[in-house]
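Notes follow once the structure below has been shown.
There are 2 protein chains.
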Amino acid sequence: MTSSQDHNKVGASPIVLSIDAMGGDLGPEAVVSGMSRSAKANPDIRFLVHGPKSKLERLIERKKPLAGRCEIRDATGVVSMEDKPSHIMRHGQDTSMWAAIEAVRNKEATVAVSCGNTGALMALSMIRLRKLPGVNRPAIAILWPSRNPQGFNVMLDVGADVKADAQDLLQYALMGVSYARNGLALDRPRVGLLNVGTEEHKGRAELKQAHELITQVSERAQFDFVGFVEGGDIPGEACDVIVTDGFTGNVALKTGEGTASLIGDRLKEAFAYSPLSRLASLLALTSLRRLKKKIDPRRVNGGVFLGLNGTVVKSHGSADETGVSAAIKLAFQLAQSGFSERLAARLASITDIASENATETSTNEESPK
Amino acid sequence: MTSSQDHNKVGASPIVLSIDAMGGDLGPEAVVSGMSRSAKANPDIRFLVHGPKSKLERLIERKKPLAGRCEIRDATGVVSMEDKPSHIMRHGQDTSMWAAIEAVRNKEATVAVSCGNTGALMALSMIRLRKLPGVNRPAIAILWPSRNPQGFNVMLDVGADVKADAQDLLQYALMGVSYARNGLALDRPRVGLLNVGTEEHKGRAELKQAHELITQVSERAQFDFVGFVEGGDIPGEACDVIVTDGFTGNVALKTGEGTASLIGDRLKEAFAYSPLSRLASLLALTSLRRLKKKIDPRRVNGGVFLGLNGTVVKSHGSADETGVSAAIKLAFQLAQSGFSERLAARLASITDIASENATETSTNEESPK
């Protein structure tokens with residue numbers, strides 16, 4: 001396919017990831033360090049890197065594992081955390097974020113990764129990659145440490161949109177199931193719908209309607225619907241996929257992260273308190289490291305945009321080398337498993353079921369009024 | 370005031386609490402044990418206890434600290450976790466929960482405490498105690514362990530209602546400020562409005578409107594408004610009072626609890642892993658106990674219903690002796706500080722400001738359309 005001179009160029013290797021080097025809180029230094037760590041761990045990764053060329057060249061030159069595995073695409077504009085998505089959609093053509101998504105659209109790369117402004121990234125992904133047929137609102141899905149055997153649960157939406165109606169929640173359920181099958185290797189994922197109680201009469205109207213829609217589809221779409229779940233079930237074992245609107249999901253995600261971080265700091269303080277406790281922490285070092293690895297939010301860094309023609313991984317804005325590397329690892333796994341194509345195929349096969357049921361439901365709903 | 374024969378009867382002591390002994394997951398045994406612990410710690414507490422008389426008599430007789438400090442009121446009905454609030458409102462007159470609230474309404478007790486069904490407790494509290502003038506939706510406020518010097522933040526609403534409009538959120542801010550002043554001794558509490566980002570253009574429409582209303586009132590009501598905050602700020606130090614609707618607040622509360630509980634279990638596993646780590650945990654026992662005390666959700670057990678003529682403390686349904694005792698301690702503190710009266714007085718003095726501003730805003734809002 002390529003001439004031998006191109007051997008070191010991106011395109012000759014099996015998996016090419018498109019990296020937005022800019023827009024993260026720690027700058028391109030953290031992104032390039034994360035790329036380097038991933039490259040070292042996996043010889044099959046190649047990168048298309050977007051950002052200011054001279055700066056990126058200097059950073060990449062310093063990292064041995066990246067030698068001959070990056071192609072830098074000059075982009076002068078940077079999307080800041082303060083930029084309005086609507087502004088970037090109209091005027092962001094020169095930004096590294098735009099270029100990173102464009103490479104997925106052009107099939108030069110399989111998955112794009114960015115640490116930048118979530119709203120702008122979602123807006124650009126939607127207009128450039130376009131939604132899959134049958135999808136109304138795309139969603140961002142994350143993996144959450146849980147008590148389940150697979151160690152993680154899928155939660156979506158965690159912030160693509162601030163609202164979701166019953167139909168959207170149904171699609172989130174379907175997309176979440178697909179992600180759980182591919183990402184967590186679960187044959188028959190169990191889906192829960194997030195609410196303020198598990199009784200069927202509780203909560204908002206759209207949730208009761210979504211409960212009905214998801215129940216109707218679950219059998220034919222081959223997943224188990226456990227009904228309503230509560231916040232405590234997100235890290236729990238009642239289900240594998242937690243479905244909610246992007247406002248609630250985002251608050252839950254950040255509350256969980258904040259709580260974990262507070263406990264981690266308190267734990268450090270507790271062990272630094274006295275000479276005896278400092279000795280204890282030395283003895284327990286391996287145990288504590290093991291614990292940290294299990295609950296370290298940086299190691300499950302990466303929200304996946306679902307429902308588009310192509311996959312985009314959103315890393316935490318404050319991601320450091322470890323965090324960026326985790327996001328890249330996730331992007332690589334999704335690229336390798338052909339996730340985008342599988343999700344599209346699955347959605348196409350069940351969209352008919354869903355819309356058929358929706359028509360039935362809305363007819364049923366309206367007649368008694 | 371009372372004759373000497375009444376000395377051991379409830380009513381002769383400064384603070385009488387009204388306790389619903391039924392409806393908690395662990396039954397009246399846990400409630401009576403919690404009462405006993407609180408009674409031991411504080412000689413000024415007296416109890417009016419509601420539930421099946423003969424059963425309660427047997428349980429209370431076994432606890433020395435409760436001798437002569439309880440008056441049992443026979444109530445045969447029990448509100449279960451599955452009962453619909455609307456059903457209890459119509460048919461719950463014989464329940465221990467109804468009687469517990471009634472005692473506050475009749476001024477026989479200052480504060481009521483219940484471990485039962487939250488929805489039913491709120492519904493009964495609303496119809497029996499009635500809302501304070503100017504309050505549209507009452508709210509449930511909790512204390513959340515935080516990085517702030519006072520160790521806790523106030524969050525409301527965590528589940529009184531599944532929705533809140535801009536006016537409701539403004540009232541939550543005012544009530545939360547009052548609770549932070551009385552409960553956390555903060556002169557000038559800082560209020561944050563929970564959203565999915567801190568930028569002013571983000572989030573749902575009612576949040577933008579609430580942002581405006583709270584900004585207008587903050588100066589005259591003598592608190593600082595820090596604007597939008599995110600889930601991570603709930604255990605953080607950006608503000609002291611977090612304002613949100615009851616759906617989001619409830620999910621955030623239970624997510625935080627679930628995350629803390631998962632980490633706690635993982636920590637135990639980590640320390641049980643090897644002989645060396647078991648030795649380490651022995652050495653670190655005091656440190657770990659100190660940590661547990663700081664983050665143990667049972668010790669901050671108790672949601673306070675705000676916005677009613679009288680105070681009701683909702684304990685966690687699964688509360689054990691420690692949890693019930695924490696809820697009773699909170700109830701005692703609120704009763705002692707005259708919180709109900711203070712909150713009512715403050716709301717009365719600022720309701721005029723709020724409604725005045727609301728009228729201005731709604732006029733401004735409608736004119737451009």
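Chains as they are written, first to last, in the working numbering: chain E, 1 to 369; chain G, 370 to 738. Beta carbons: idealized from backbone N, C-alpha and C, even for Gly. All figures in this text were calculated on a predicted structure; none of them were measured in a lab.
Rounded to whole angstroms, how far is the Cβ of residue i from the Cβ of residue j, which I believe are closer than 8 Å?
i                 : j                 : result
Thr-311 (chain E) : Phe-339 (chain E) : 6 Å
Met-544 (chain G) : Gly-403 (chain G) : With 8 Å as the limit, Met-544 (chain G) and Gly-403 (chain G) do not qualify as a contact, their Cβ atoms being about 26 Å apart.
Gly-317 (chain E) : Ile-140 (chain E) : About 13 Å; that fails the 8 Å criterion.
Leu-555 (chain G) : Asp-609 (chain G) : 6 Å
Arg-497 (chain G) : Ile-457 (chain G) : So it is not a contact: roughly 11 Å between Cβ atoms.
Phe-616 (chain G) : Thr-248 (chain E) : 7 Å
Val-620 (chain G) : Val-251 (chain E) : 7 Å
Gly-572 (chain G) : Val-324 (chain E) : Not really, about 28 Å apart at Cβ, beyond 8 Å.
Gly-23 (chain E)  : Cys-115 (chain E) : 6 Å
Between residue i and the rest of its own chain, which residues show a CB-CB distance below 8 Å, the 5 nearest in sequence each way excluded?
i                 : result
Leu-651 (chain G) : none
Glu-599 (chain G) : Leu-563, Asn-564, Val-565, Gly-566, Thr-567
Ile-142 (chain E) : Val-154, Met-155, Leu-156, Val-158, Leu-253, Val-300, Gly-302, Gly-303, Val-304
His-580 (chain G) : Leu-562, Glu-569, Gly-596, Phe-597
On the criterion of 16 or more Cβ atoms from any shown chain inside 10 Å, does residue i qualify as buried, or is it exposed?
i                 : result
Gly-627 (chain G) : buried
Gln-540 (chain G) : buried
Asn-486 (chain G) : buried
Leu-334 (chain E) : buried
Arg-506 (chain G) : buried
Ser-18 (chain E)  : buried
Arg-181 (chain E) : buried
Gly-151 (chain E) : exposed
Ser-449 (chain G) : exposed
Val-385 (chain G) : buried
Asp-394 (chain G) : exposed
Leu-343 (chain E) : buried
Asp-749 (chain G) : Because residue 749 (chain G) is not part of the residues shown, which for chain G are 370 to 738, the question remains open.
Lys-329 (chain E) : buried
Ala-436 (chain G) : exposed
Leu-262 (chain E) : buried
Pro-502 (chain G) : exposed
Ser-218 (chain E) : buried
Arg-289 (chain E) : exposed
Ser-54 (chain E)  : exposed
Thr-76 (chain E)  : exposed
Leu-582 (chain G) : buried
Ala-377 (chain E) : The requested residue 377 (chain E) is not part of the displayed model; chain E covers only 1 to 369.
Asp-602 (chain G) : buried
Can you tell me which residues form a DSSP beta bridge with residue i?
i                 : result
Trp-144 (chain E) : E:Asn-153
Phe-247 (chain E) : Note: Phe-247 (chain E) sits in no beta bridge, so no partner.
Val-610 (chain G) : G:Val-523, G:Val-560
Asp-320 (chain E) : None; Asp-320 (chain E) has no bridge partner.
Leu-15 (chain E)  : Reading off the sequence, residue 15 (chain E) comes out as Ile, not Leu. Note: Ile-15 (chain E) sits in a beta bridge opposite E:Ile-45.
Val-312 (chain E) : E:Ala-112, E:Phe-305
Asp-593 (chain G) : G:Arg-559
Gly-420 (chain G) : G:Asp-443
Ala-508 (chain G) : G:Leu-675
Asp-20 (chain E)  : E:His-50, E:Ser-114
Val-229 (chain E) : E:Leu-194
Thr-464 (chain G) : G:Gly-446
Lys-500 (chain G) : G:Leu-677
Using a Cβ-Cβ cut-off of 7 Å (strictly less than) and excluding sequence neighbours within five positions of residue i, which residues of its own chain qualify?
i                 : result
Thr-215 (chain E) : Phe-225
Ser-349 (chain E) : none
Leu-124 (chain E) : Ile-88, Met-89, Gly-92, Met-97, Trp-98, Ile-101
Asp-83 (chain E)  : Asn-117, Ala-120
Gln-705 (chain G) : Ile-384
Lys-63 (chain E)  : Val-32, Ser-36
Arg-647 (chain G) : Phe-640, Ala-641
Leu-59 (chain E)  : Pro-28, Glu-29, Val-32
For residue i, collect the residues of the same chain with a Cβ closer than 6 Å to its Cβ; drop the 5 residues on either side in sequence, then sort them by chain order.
i                 : result
Gly-119 (chain E) : Pro-85
Leu-184 (chain E) : Gln-150
Asp-165 (chain E) : Glu-206
Ala-472 (chain G) : Ser-387, Leu-417, Ala-478
Pro-558 (chain G) : Val-546, Ala-549, Phe-592, Asp-609, Val-610
Leu-538 (chain G) : Ala-579, Val-612
Run the proximity test for residue i: is its beta-carbon closer than 7 Å to any non-hydrogen atom belonging to the ligand MG?
i                 : result
Arg-647 (chain G) : Absence of the ligand MG is noted for the structure shown, with no ligands found whatsoever.
Task: Whole runs of the beta strand (DSSP E) within the stretch 432-460 of chain G, excluding any shorter than 3 residues - done: Here the runs fully enclosed are 439-443.
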